[in-house]
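Take a look at the structure set out below.
In UniProt numbering, the protein residues as written are 1 to 309.
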């Protein structure tokens, strides 16, 4: 049995913590051959031992592996507070996937696993993490904490979301972002995972809400999730198809090739407008293809954390 292959194909619901750890470990090993040298040592919340310091917190197991002295960093030495916001409306469950796994994710599955991976890093660094989830209501809020019990509670909620079979049909992103902003009292690094689809209102209202999130000197990163092949390039085979809006129920029957060029021009213009608005409001915009890997998410976190602290 190929254990790695089995884990990749395992149910996301049953193995979210293991898969998140796999994503993070793969990312670390991709930066350096050894997870105990250079940046990765700092990343794992160790620091080089300096002569004259107390030997109380030396990591002797790490010394046995590396023949170098490192001391452990503890919670009081870090001060990052991070809040994750996840859009769980119906459009986030595209494309339809019966059994989510590392190699087969829709937008909600990618968002869930990305957040779990970031939580894994924050846990290693003993930083505090909170979570907000919205769809047709602001249906889940957990303040920033760093305990193991809190971590497991958030993982359970994320797993529950990834298995939802009847997601909310409508959403008003701007309404709930305002409410979330009111809940985050202390300066935090905020990550928003959304596909930027909403049932009503214009984009300007969303950016007003994002500006509200910036209140109290929060830093905001917008991870714009999409299936790039179909949602950006409109790559469908040229047979008649019915395209259904899962949030409004409206549909249209057509051949994809008849509107592909016009669709792509329109989407490109929309994305450029989003990027420019984010620049204007000093919000970090990151487009993420859910068919890709998690390196863009984790690299963005590392850069933003460094700037934040």
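Just so you know, even glycine gets a beta-carbon here, dropped at the ideal spot from N, CA and C. Only a predicted model underlies this, so the values are computations on that prediction, with no experimental measurement involved.
CB contact flag (residue i, residue j, <8 Å)
{"i": "residue 100", "j": "residue 162", "result": "yes"}
{"i": "residue 210", "j": "residue 281", "result": "yes"}
{"i": "residue 155", "j": "residue 23", "result": "no"}
{"i": "residue 187", "j": "residue 217", "result": "yes"}
{"i": "residue 126", "j": "residue 146", "result": "yes"}
{"i": "residue 304", "j": "residue 219", "result": "yes"}
{"i": "residue 236", "j": "residue 192", "result": "no"}
{"i": "residue 255", "j": "residue 244", "result": "no"}
{"i": "residue 264", "j": "residue 233", "result": "yes"}
{"i": "residue 288", "j": "residue 277", "result": "no"}
{"i": "residue 290", "j": "residue 15", "result": "no"}
{"i": "residue 225", "j": "residue 195", "result": "yes"}
{"i": "residue 300", "j": "residue 286", "result": "yes"}
{"i": "residue 227", "j": "residue 171", "result": "no"}
{"i": "residue 189", "j": "residue 298", "result": "no"}
Which listed residue (the options) has its alpha carbon closest to that of residue i
{"i": "residue 97", "options": "88, 108, 190", "result": "108"}
{"i": "residue 26", "options": "140, 294, 303", "result": "294"}
{"i": "residue 229", "options": "28, 58, 95", "result": "95"}
{"i": "residue 139", "options": "283, 176, 51", "result": "176"}
{"i": "residue 18", "options": "152, 302, 258, 170", "result": "152"}
Integer Cβ distance of residue i from residue j, believed to fall under 8 Å
{"i": "residue 158", "j": "residue 116", "result": "6 Å"}
{"i": "residue 91", "j": "residue 197", "result": "4 Å"}
{"i": "residue 66", "j": "residue 47", "result": "With 8 Å as the limit, residue 66 and residue 47 do not qualify as a contact, their Cβ atoms being about 13 Å apart."}
{"i": "residue 221", "j": "residue 166", "result": "That belief does not hold up - the Cβ atoms of residue 221 and residue 166 are roughly 30 Å apart, past 8 Å."}
Same chain, Cβ closer than 6 Å to residue i, neighbours up to 5 away in sequence not counted
{"i": "residue 20", "result": "116, 117, 120"}
{"i": "residue 132", "result": "85, 141, 180"}
{"i": "residue 239", "result": "none"}
{"i": "residue 212", "result": "178, 181"}
{"i": "residue 184", "result": "83"}
{"i": "residue 37", "result": "Interpretation of residue 37 is limited by its pLDDT of 39, a score under 50 that renders its predicted location unreliable; the figure taken from the coordinates is listed afterwards. If we look at residue 37 and ignore the five residues flanking it on each side, it has no Cβ neighbours."}
Neighbourhood of residue i by C-beta, 8 Å cutoff - its chain only, sequence neighbours within 5 removed
{"i": "residue 205", "result": "174"}
{"i": "residue 63", "result": "69, 70"}
Residue i at chain D interface by Cβ criterion, 8 Å
{"i": "residue 189", "result": "This model lacks chain D altogether, as it is built from one protein chain only."}
7 Å Cβ shell around residue i - same chain, five flanking residues per side excluded
{"i": "residue 33", "result": "With a pLDDT of 44 at residue 33, under the threshold of 50, the modelled position of this residue cannot be trusted; read the value that follows with caution. Contacts found: none."}
{"i": "residue 104", "result": "97"}
{"i": "residue 275", "result": "285"}
Suppose only complete runs of 3+ residues qualify. What are the beta strand (DSSP E) ranges in the stretch 195–261, listed by chain order? 219–226, 241–244, 251–254
Sequence ranges, alpha helix (DSSP H) only - wholly within the stretch 140–204, length at least 4: 148–162, 173–183
Whole alpha helix (DSSP H) runs in the stretch 60–140 with 4 or more residues, listed along the chain? 60–66, 107–124
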